[in-house]
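Be aware that the sequence shown starts at 1, since it is given in UniProt numbering, and climbs by one per residue. Backbone N, C-alpha and C fix where the C-beta goes; we use that ideal spot for every residue, glycine too.
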Amino acid sequence: IGPYFLPPRLNGERYGNFLERELPVLLADVPLHVRARLIFQHDGAPAHFSRQVRDILDACYPNKWMG
């Protein structure tokens, strides 16, 4: 999908906005059979592990993320 530059001071709210608003647009041209096999791996950074982000990942990408 190409590079996407997140804000230098990423927090849970900004990352959550990316997951809800930007990522679906970036994935729109990815074939469905590829999207079905995607897994989001997070490293436990505070922005990745905020409650808001985990709720978004659970709602939008159930069983498709770890970290």
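Which stretch, first to last residue, makes up the alpha helix (DSSP H) that contains residue i?
i, result
"residue 68", "Outside the modelled stretch of the chain, which goes from 1 to 67, sits residue 68, for which no answer is possible."
"residue 33", "32–35"
"residue 27", "23–27"
What would DSSP say about residue i, mapped onto helix, strand or coil?
i, result
"residue 18", "helix"
With the cut-off set at 8 Å, would you say residue i and residue j are in Cβ contact?
i, j, result
"residue 53", "residue 15", "yes"
"residue 27", "residue 35", "yes"
Roughly how many angstroms separate the alpha carbons of residue i and residue j, rounded to a whole number?
i, j, result
"residue 37", "residue 19", "17 Å"
"residue 40", "residue 17", "16 Å"
"residue 25", "residue 50", "23 Å"
"residue 63", "residue 57", "9 Å"
Within 8 Å (strictly less), CB to CB, does residue i reach chain B?
i, result
"residue 29", "Within the model displayed, chain B is absent; a lone protein chain is all it includes."
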